[in-house]
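Here's the structure we're looking at; comments come further down.
2 protein chains.
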Amino acid sequence: MKIPVMEVFGPTIQGEGMVIGRKTMFVRTAGCDFRCSWCDSKFTWDGTAKDDIRMMTAEDIMNELKAVGGDCFDHVTISGGNPALIKGLSSLVTLLHAEGCEVALETQGSKFQDWMTDINQLTLSPKPPSSGMVHNLAVLDSIINQVNKERISLKVVVFDDADYAFARTIHQRYPELKFYLQVGNPYLDETVSNHTEKLLERYEELIDRVMDDHQMNSVFVTPQLHTLLWSNKKGV
Amino acid sequence: MKIPVMEVFGPTIQGEGMVIGRKTMFVRTAGCDFRCSWCDSKFTWDGTAKDDIRMMTAEDIMNELKAVGGDCFDHVTISGGNPALIKGLSSLVTLLHAEGCEVALETQGSKFQDWMTDINQLTLSPKPPSSGMVHNLAVLDSIINQVNKERISLKVVVFDDADYAFARTIHQRYPELKFYLQVGNPYLDETVSNHTEKLLERYEELIDRVMDDHQMNSVFVTPQLHTLLWSNKKGV
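Note that the protein sequences, when read in sequence, are chains C and W.
Each residue of the first sequence is one higher than the one before, starting from 1 at the first, in the UniProt record's numbering.
Each residue of the second sequence is one higher than the one before, starting from 1 at the first, in the UniProt record's numbering.
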């Protein structure tokens, strides 16, 4: 079964979430069921990069990972778009494990696949109101109930007050799961000036808010390290 | 048994290591068996802040944590100095757990204490050559052999080539442990300009180096988030 691949790149660091800082390769799949207003990878679903999509087998992807990353990786992050749309990723996850790699997955949590139970670090990032999307939490419940909780984290991006309220709701719904609040990046223009400074200001505001909130104690508050380093550059 | 306390502050984020981003309180103990050249908390051992040291019981510390942090915490990080010098921390760790808090500890790993087996996140940071210290790895071995490996991480600060070589040695000695390379901060002057930018440049250099090194695959490469945000400010 072939997999629609948009990008294969790395090794680089995972810039966010439960394995922030981890040396990893990225496989970015094409296609998404969401259309988030502030999506930083719109090219995976808006048609602008449709000529870059390649239909690849798990073996094709493994070969490309080795061609790009050499022997400098033992961890692969599958991101999108929404890779959870792709049933055929089962073969890739199996092959990566056979090759000695850990596998992380990034998805909003709108769809379950059997192979999710094999993912080493599963990040579920339900989308807050500012995205323009409405999340079906029953689906999120269903995923969480089927996967080893030690391997899951929740990540909510926060741009504004309504997003913060949403983050609280999610944390209270699943208090036993590792929970990450991630500062939103509204500056998606490649040419934005003082990007790092602006993001750190927003990050500090989010920290201040969480520190004063006794309903948000067992949480992590994180930036996107890659954005602090490389702004909106692709392929890093 | 009284504990020499230098600072109690928070809640803030843990800026580094295995629980980077975690909302936490800090208890900083006084005294250290090391004298690292680039120590960012020299006041804990160089005598300049000796009038700030308070001898406190576990209950005193718990009361102060509540006075400072209110009900806005469920995680406490014990740092130093080297808190592993203090036998009496046993009572604090027990009390924090009884109060429903997780407890993290930061130490170089030069001394074992029985209470280390109760720490939820134990960060051992053997000091590289640029510190001017020589680490007794037999002691580090002994600590690691007595503590649940799931709860340990190793963290090595890297300033230069020799430090990087040391980091490699440590990672190879304990390949089963979570391993963090942390970019060194040589700019300890409060008034340094463009601190964040300079640190991010050094961080990027370290990332580049690790990404090209096939002997450093199963690793994390991290900055100090608090330093990116707040430079060398104390108490955050």
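Note that the Cβ used here is the ideal one computed from N, Cα and C, for glycine as well.
Whole-number beta carbon distance between residue j and residue i, since they are thought to touch under 8 Å
i, j, result
"C/L228", "C/L199", "6 Å"
"C/K111", "C/L85", "6 Å"
"W/G109", "W/P126", "6 Å"
"C/L154", "C/Y180", "7 Å"
"C/R54", "C/V103", "Incorrect: roughly 20 Å between the Cβ atoms, too far for contact."
"W/V221", "C/K233", "Actually they are not in contact, since the Cβ atoms of W/V221 and C/K233 sit about 18 Å apart, beyond 8 Å."
"C/G235", "C/F9", "5 Å"
Buried or exposed (CB count within 10 angstroms, at least 16 for buried), residue i
i, result
"W/N82", "buried"
"C/H214", "exposed"
"W/T77", "buried"
"residue 257 of chain W", "Residue numbering for chain W in the displayed model covers 1 to 236; residue 257 of chain W lies beyond these limits and cannot be assessed."
"W/L105", "buried"
"W/K2", "exposed"
"C/E197", "exposed"
"W/D52", "exposed"
"C/A162", "exposed"
"C/A167", "buried"
"W/F58", "The residue asked about is misnamed: residue 58 of chain W is Ala in this sequence, not Phe. Buried, because 16 or more other Cβ atoms sit within 10 Å of the Cβ of W/A58."
Any non-hydrogen atom of the ligand PLP within 7 Å of residue i CB
i, result
"W/I170", "This structure lacks the ligand PLP, and indeed carries no ligand of any kind."
Nearest-angstrom Cα separation, counted from residue j out to residue i
i, j, result
"C/V210", "C/N217", "8 Å"
"W/Q182", "C/S79", "26 Å"
"C/E176", "C/V19", "18 Å"
"C/I13", "C/V68", "15 Å"
"C/F159", "C/N194", "18 Å"
"W/T169", "W/V134", "14 Å"
"C/G47", "W/T191", "49 Å"
"W/G21", "C/V156", "14 Å"
"W/V93", "W/V27", "11 Å"
"W/V147", "C/S41", "42 Å"
"W/P11", "C/R173", "23 Å"
"C/S91", "C/M25", "17 Å"
"C/T117", "C/I143", "9 Å"
"W/L95", "C/T29", "48 Å"
"W/E16", "C/D212", "21 Å"
"C/R202", "W/N145", "42 Å"
"W/N120", "W/V219", "20 Å"
"W/S178", "C/A49", "The question names Ser, yet the displayed sequence has Lys at residue 178 of chain W. Whole-angstrom Cα-Cα distance: 37 Å."
"C/G184", "W/D208", "26 Å"
"W/E231", "W/F34", "According to the sequence as given, residue 231 of chain W is Ser; it is not Glu. Taking the straight line from one Cα to the other gives about 23 Å."
"C/K66", "C/Y164", "40 Å"
"C/M56", "C/L124", "25 Å"
"W/E204", "W/W115", "37 Å"
"C/E7", "W/H171", "31 Å"
"W/K107", "C/P223", "Position check: residue 107 of chain W holds Thr in this sequence, whereas Lys was assumed. Taking the straight line from one Cα to the other gives about 26 Å."
Sub-8 Å separation of residue i and residue j beta-carbons
i, j, result
"W/P186", "W/W38", "yes"
"C/I152", "C/L188", "no"
"C/C101", "C/D74", "yes"
"C/G132", "C/C36", "yes"
"W/K149", "W/Q113", "no"
Quick check: the region 134-141 of chain C against the region 53-70 of chain C, are there 3 or more CB pairs under 8 Å?
-> no
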